[in-house]
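A short write-up of the structure that comes next.
Residue numbers (the working numbering), protein chains in the order written: chain A, 1 to 238; chain B, 239 to 355.
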């Protein structure tokens with residue numbers, strides 16, 4: 001038993017362990033997702049996060065120690081965002097044809113995300129910290145953290161709420177869209193990307209490349225719209 | 239392959255520098271995306287090797303959110319103490335946003351089809 005402990009201590013000191021665990025947890029999540037018949041409720045990000053949190057709590061590992069290894073995966077988020085230019089370019093003609101529709105849907109969606117989160121949080125007695133951290137929940141994490149900081153929220157709480165929103169949107173979004181009868185891949189992608197940024201976009205790419213491209217576009221545009229709208233709205237309501 | 243991976247990193251680096259010096263409210267990678275997009279428009283097509291790099295990165299997009307998601311363990315206490323306002327706002331607002339955005343977009347789509355006859 002002591003030997004096992006020594007091995008664990010030795011391995012924990014290197015970034016390799018937590019990097020490997022992150023990949024393994026995601027592979028398990030993906031396997032369960034596929035076994036479920038690609039049911040969006042069996043979201044691989046959700047499953048991987050749940051597995052890793054449980055493992056870290058059981059072994060008494062701190063998030064900082066875990067992140068020392070996992071940061072190599074986290075780092076690739078930037079290049080992946082840049083790479084979204086490729087599907088966007090492939091769908092450029094389609095996007096140009098629907099420019100007005102995209103602008104109107106996106107602005108309405110962006111306002112819906114901000115105002116509904118603030119209203120519900122306020123009516124249920126959410127603290128100022130929680131409200132300021134919730135308001136940017138539909139925006140991709142790096143932008144949301146910057147916005148929340150300007151409103152006096154907690155950037156690290158915002159990052160977590162953003163990820164939870166993304167996972168939740170990716171899990172229930174496709175069901176909601178099917179339930180209200182929306183089959184157009186462009187509309188499905190725009191909805192997923194506006195509400196649930198990159199994680200919704202990853203999910204949209206699993207449906208069709210058109211949905212993925214529109215979702216990636218919505219993610220970028222919603223980041224811009226919220227960065228401009230939210231500080232103005234915040235000043236009006238506080 | 240390596241050349242296009244370098245191009246993607248360079249776009250991100252340029253994006254980070256531009257947002258920093260102009261004080262833009264968008265993150266560097268989003269500006270990087272615009273720069274790469276501009277490159278593709280100027281070139282008029284997607285080089286096969288760039289497509290390979292980009293499609294590989296995007297095929298694993300979900301994985302890249304896992305390390306940040308695990309950060310939820312840092313905020314268990316705060317989230318638990320305000321579970322109702324945070325949970326309700328997050329759930330209702332997310333469903334509403336998806337439904338509203340997609341419905342308006344689909345409405346424009348149907349109207350466009352109707353005009354085409």
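For glycine and all other residues, C-beta sits at the position ideal for the given N, C-alpha and C.
{"query": "Residue of A/157, A/117, A/42 minimising C-alpha distance to residue 234 of chain A", "result": "A/117"}
{"query": "Inter-residue spacing [alpha-carbon to alpha-carbon] between residue 174 of chain A and residue 193 of chain A", "result": "12 Å"}
{"query": "C-beta atoms of residue 73 of chain A and residue 19 of chain A nearer than 8 Å", "result": "yes"}
{"query": "Closest by C-alpha distance to residue 223 of chain A, when choosing among A/94, A/138, A/46", "result": "A/138"}
{"query": "Proximity winner among A/7, A/35, A/80, A/94, relative to residue 250 of chain B (alpha-carbon distances)", "result": "A/80"}
{"query": "Any chain A beta carbon closer than 8 Å to residue 256 of chain B", "result": "no"}
{"query": "Residue 139 of chain A, DSSP secondary structure in three states", "result": "coil"}
{"query": "Chain B contact for residue 215 of chain A (CB, 8 Å cutoff)", "result": "no"}
{"query": "Straight-line Cα distance separating residue 275 of chain B from residue 265 of chain B", "result": "16 Å"}
{"query": "Neighbour list for residue 35 of chain A in chain B, Cβ cutoff strictly below 9 Å", "result": "By Cβ distance, chain B contributes nothing, its closest Cβ being about 16 Å from residue 35 of chain A, past 9 Å."}
{"query": "Distance CB(residue 272 of chain B)-CB(residue 257 of chain B) smaller than 8 Å", "result": "no"}
{"query": "Per-residue DSSP class, three states only, for residue 145 of chain A", "result": "helix"}
{"query": "Proximity below 8 Å, CB of residue 199 of chain A to CB of residue 169 of chain A", "result": "yes"}
{"query": "Neighbour flag for residue 238 of chain A against chain B, beta carbons, 8 Å", "result": "no"}
{"query": "Amino acids of chain A, ordered along the chain, whose beta-carbon sits closer than 8 Å to that of residue 311 of chain B", "result": "53, 56, 57, 63"}
{"query": "CB contact flag (residue 186 of chain A, residue 347 of chain B, <8 Å)", "result": "yes"}
{"query": "Segment contact flag, the region 316 to 323 of chain B with the region 94 to 114 of chain A, C-beta cutoff 8 Å, min 3 pairs", "result": "no"}
{"query": "Cutoff 8 Å: residue 86 of chain A Cβ touching any chain B Cβ", "result": "yes"}
{"query": "Exposed unless 16 or more other CB atoms sit within 10 angstroms - verdict on residue 351 of chain B", "result": "exposed"}
{"query": "Below-8 Å beta-carbon distance, residue 244 of chain B vs any chain A residue", "result": "no"}
{"query": "Simplified DSSP assignment, three categories, for residue 125 of chain A", "result": "coil"}
{"query": "Residue-chain proximity (residue 91 of chain A, chain B), Cβ-Cβ < 8 Å", "result": "no"}
{"query": "Buried or exposed by the 16-neighbour rule on C-beta atoms within 10 Å, applied to residue 239 of chain B", "result": "exposed"}
{"query": "Span of the alpha helix (DSSP H), counted from its first residue to its last, around residue 207 of chain A", "result": "185 to 207"}
{"query": "Segment contact flag, the region 141 to 156 of chain A with the region 285 to 294 of chain B, C-beta cutoff 8 Å, min 3 pairs", "result": "no"}
{"query": "Closer than 8 Å to chain A by CB, residue 322 of chain B", "result": "yes"}
{"query": "Neighbouring residues, chain B, relative to residue 188 of chain A (Cβ below 7 Å)", "result": "340"}
{"query": "At least three beta-carbon pairs within less than 8 Å, the region 52 to 64 of chain A to the region 290 to 309 of chain B", "result": "yes"}
{"query": "Closer than 8 Å to chain B by CB, residue 138 of chain A", "result": "yes"}
{"query": "Secondary structure of residue 114 of chain A, DSSP reduced to three states", "result": "helix"}
{"query": "Check whether residue 157 of chain A and residue 196 of chain A have beta carbons under 8 Å apart", "result": "no"}
{"query": "Residue 167 of chain A vs residue 39 of chain A beta-carbon contact at 8 Å", "result": "no"}
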